[in-house]
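Asker: The opening position of the sequence shown corresponds to residue 2 in my numbering, with each subsequent residue numbered one higher.
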Amino acid sequence: MSQDFQINRRHLLAGLGVAAAANACPGAASPALAEPRPRPGEVAIPGASAADRAWARRMLRGMSLEQKVGQVFNSYVHGASATTVTEAEAAQNLALYGVRTPAEVVQKYHLGGVIYFAWSNNVANPTQIAELSNGLQRAVLADGRGIPLTISTDQEQGLVTRIGAPATLFPGAMALGATGSDVDARKAGRVTGEELRAMGITMDFAPVADVNVNPANPVIGVRSSGSDPQLVAAVVAAQVEGLQSAKGVSATAKHFPGHGDTATDSHLGLPVITHSREQWEATDLPPFRAAIEAGIDAIMTAHLLVPALDDSGDPATLSPRIITGVLREELGFTGLVVTDGLAMAGVREKYGDDEVAVRALLAGDDMLLQSPDLPKAWNAVLAAVRSGRLPMARLDEAVLRNLQLKAKRGVVKRPLVEVGALGRLVGTARNQRIAEAVANDSTTLLRNQDVLPVRAKGLDVVVCGWSSGTTTLEVVAAELARHKARPVTVATGAAPGHAQIDAAVAAAAKADLVVVTTYNVTATSAQRTLVQALLATDTPVVVIAVRNPHDIAQFPEVDAYLASYSFVPVALQAAVRSIVGSNIPSGRLPVAIPAASGGELYPVGAGIGY
2 MSQDFQINRR HLLAGLGVAA AANACPGAAS PALAEPRPRP GEVAIPGASA
52 ADRAWARRML RGMSLEQKVG QVFNSYVHGA SATTVTEAEA AQNLALYGVR
102 TPAEVVQKYH LGGVIYFAWS NNVANPTQIA ELSNGLQRAV LADGRGIPLT
152 ISTDQEQGLV TRIGAPATLF PGAMALGATG SDVDARKAGR VTGEELRAMG
202 ITMDFAPVAD VNVNPANPVI GVRSSGSDPQ LVAAVVAAQV EGLQSAKGVS
252 ATAKHFPGHG DTATDSHLGL PVITHSREQW EATDLPPFRA AIEAGIDAIM
302 TAHLLVPALD DSGDPATLSP RIITGVLREE LGFTGLVVTD GLAMAGVREK
352 YGDDEVAVRA LLAGDDMLLQ SPDLPKAWNA VLAAVRSGRL PMARLDEAVL
402 RNLQLKAKRG VVKRPLVEVG ALGRLVGTAR NQRIAEAVAN DSTTLLRNQD
452 VLPVRAKGLD VVVCGWSSGT TTLEVVAAEL ARHKARPVTV ATGAAPGHAQ
502 IDAAVAAAAK ADLVVVTTYN VTATSAQRTL VQALLATDTP VVVIAVRNPH
552 DIAQFPEVDA YLASYSFVPV ALQAAVRSIV GSNIPSGRLP VAIPAASGGE
602 LYPVGAGIGY
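(1) What is the DSSP secondary structure of M175, reduced to helix, strand or coil?
(2) On the three-state DSSP scale, how would you describe M345?
(3) Work out the CA separation of K188 and I545 for me, nearest whole Å.
(4) Suppose the cutoff is 6 Å on Cβ atoms and the five residues either side in sequence are ignored; what does the same chain contact list for Q108 look like?
(5) Find out if the Cβ-Cβ distance for the pair A509, V515 is shorter than 8 Å.
(6) Contact between the region 487-503 and the region 455-475: three or more CB pairs below 8 Å?
(7) For A91, which three-state DSSP category applies?
(8) Within 10 angstroms of the Cβ of Y520, are there 16 or more other Cβ atoms? Answer buried if so, exposed if not.
(9) CA-CA distance, P208 and A96?
(10) Suppose you measure from the CA of G600 to the CA of D442; what does that come to, to the nearest Å?
(11) Under a Cβ-count criterion, where at least 16 other Cβ atoms within 10 Å of its own Cβ denotes burial, should E294 be classed as buried or exposed?
(12) Cα separation between A292 and V517?
(13) Output the residue ranges of the beta strand (DSSP E) runs that lie fully inside the region 239-286 and measure 3 residues or longer, sorted by chain position.
(14) Can you name, in chain order, every residue of its own chain whose Cβ lies under 8 Å from the Cβ of V327, other than the five neighbours on each side?
(15) Please report the residue range of the beta strand (DSSP E) in which M368 lies.
(16) As a quick exercise: from K458, G194, L573, pick the residue whose alpha carbon is nearest that of T445.
(17) Using the beta-carbon count (16 or more within 10 Å), is C26 buried or exposed?
(18) Provide the residue span of the alpha helix (DSSP H) that contains G194, from first to last.
(19) Please report how far the alpha carbon of V543 lies from the alpha carbon of N215, in whole angstroms.
(20) Compute the beta-carbon to beta-carbon distance between S153 and N75, rounded to the nearest angstrom, for a pair I have assumed lies under 8 Å.
(21) Looking at the structure shown, is A30 part of a helix, part of a strand, or coil, going by DSSP?
(22) Buried or exposed for S277, please, with buried defined as at least 16 other CB atoms from any protein chain shown within 10 angstroms of its CB.
(23) Grouping DSSP H, G and I as helix and E and B as strand, with all else coil, what is M393?
(24) Looking at the structure shown, is Q450 part of a helix, part of a strand, or coil, going by DSSP?
(25) Spatial neighbours of E356 within its chain, please: C-beta separation below 8 Å, excluding the five flanking residues on both sides.
(26) May I have the straight-line CA-CA distance separating V241 from L271, to the nearest angstrom?
(27) Go to G165, then tell me how far its beta strand (DSSP E) extends in each direction, as first and last residue.
(28) Applying the criterion that 16 or more other CB atoms from any shown protein chain within 10 Å of the CB defines a buried residue, is D560 buried or exposed?
(29) Go through its chain and collect everything with a Cβ distance to T335's Cβ below 7 Å, but skip five positions before and after it.
(30) Helix, strand or coil for L76? Go by DSSP, reduced to three states.
(31) Residue range of the beta strand (DSSP E) that L514 falls in?
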């Protein structure tokens, strides 16, 4: 581990200690003005005031059973508007919920929350998002009860980004780990949280608190900030503080009890974590403990088996031993527990969608996310309470946590947002500068055979490789052109054929430099063949790995290699700035890179400058 990385890491961990101390004494209030403590046995989420708790109790007393059941469900709806939908959107809502519009869905099922996705046409642009949020809030407030929605999305940044530009985009969690800076992580969280809240979103299903110790992990990867539990803990704590700043949103640490050491995607199957209890405490637990100490509002469960914590064969989401026993009783978490999406295969292998909903509440979950059959699940919970199988006290506890969170986050006092203010709050020049600085700090140079930096002016550069559509190559080429280079793009894609490789090689033979973007290259990948063919020319080859940083294991002899950890424009632009010398790369690997032949090619903390 390099000395620079050790210094940065000490700074990051020191920031975590300061944050925990600040959280322990918020505002340094005098004892006479201290907030009354919750009564023994009273439901109280972290940071909820006496007024928040009183409002929640008052609302609960006036709710019907049907309203209570609806309050624990967070579902998706199809449509860009609460009340005006296309015929296709209406058909989708009718098939799922029996009504046409998003407004009718939240009213019919007394929903406590809604989650936004691009595929359900909820997130076209900030103005549309804000108007949808306001429309949904007006729909639930129309009954006169005054209980607004929790509106949520997965804006992790980087790989999982639901809302695109003009919102401010960051390169993601692993990039934050590569910066070694709690300041960068906190700023990224604050910008994200404030922009989401300006659009009417009140909860972000981020940060990822999983420790990515398995390079073959198909679902986490760069969504985690690294493989060092203490580094991940520090980044998570800083993100929580940023997201939950005064004008921000509820943060949600995921996926408890830890999804970092698996080669199975819980969207597609049921992973098994084979860690012993001791391994789990040393590896998976620290980031979740740090999130709790930072005052996080919510923790999301994982659909996976952890036999060391519960050998029943039930996934963590449905496990009373893990949710109530470990998370609540051992760790002392009093905030909201939210399930991962209940449409995922990992939670549907043993039970039907109706039974999953009941068992999740019995396990100690408070918010049921994205049930694939909402009517069936809603009615199952209703029946379980009426029969006595699901105690009313358990349902009331879950409802109170949801209500308190709405009051704590200011949604009760300010459920609607000012659409006209979006221009001065979302995607501002100031926020973009923060994103650029984070991307600059994260860019990691692992290999440089006296190639970088290059003198860009007048340089003929071939830009090829993997691209998200054509966007990736265009962003790289545009940034090179901005520095007076003469770029030419050659589309090769994720699996280049012989003709595409030949075209790239022919262009490279006439160029001064080749820049290749790669995306999770394997030993049998055509991307590997492309890079090796380019290396056989006399033209220097610079690789930018735009997702996992491990690609260099497949071509360790490359002339220069940069990890950007993301293909969002700000990350690609920072990588180009590192190529042309306007940004001296200072990022350090937050994960180890194994060699293709075995052993370790680069350790945690690797990274060089010029």
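Cβ atoms here follow ideal geometry from the backbone N, Cα and C, with glycine treated the same way.
Answerer: Reading it off the structure:
(1) helix
(2) coil
(3) 25 Å
(4) A140
(5) yes
(6) yes
(7) helix
(8) buried
(9) 33 Å
(10) 28 Å
(11) buried
(12) 38 Å
(13) 251-257
(14) P258, L310
(15) No beta strand (DSSP E) holds M368; DSSP gives it neither H nor E.
(16) L573
(17) The predicted model places C26 with a pLDDT of 35, which falls under 50 and marks its position as unreliable; any figure quoted below should be read in that light. C26 should be labelled exposed.
(18) 183-199
(19) 27 Å
(20) 6 Å
(21) Caution applies to A30, whose pLDDT of 37 falls short of 50 and renders its modelled position unreliable; the value that the coordinates give is listed next. Correct three-state label for A30: coil.
(22) exposed
(23) helix
(24) coil
(25) A381
(26) 28 Å
(27) G165 -> no beta strand (DSSP E), and no H or E assigned at all.
(28) buried
(29) A45, I46, P47
(30) Inspection of the sequence shows that residue 76 is occupied by Ser rather than by Leu. Reduced to three states, the DSSP call for S76 is strand.
(31) 514-519
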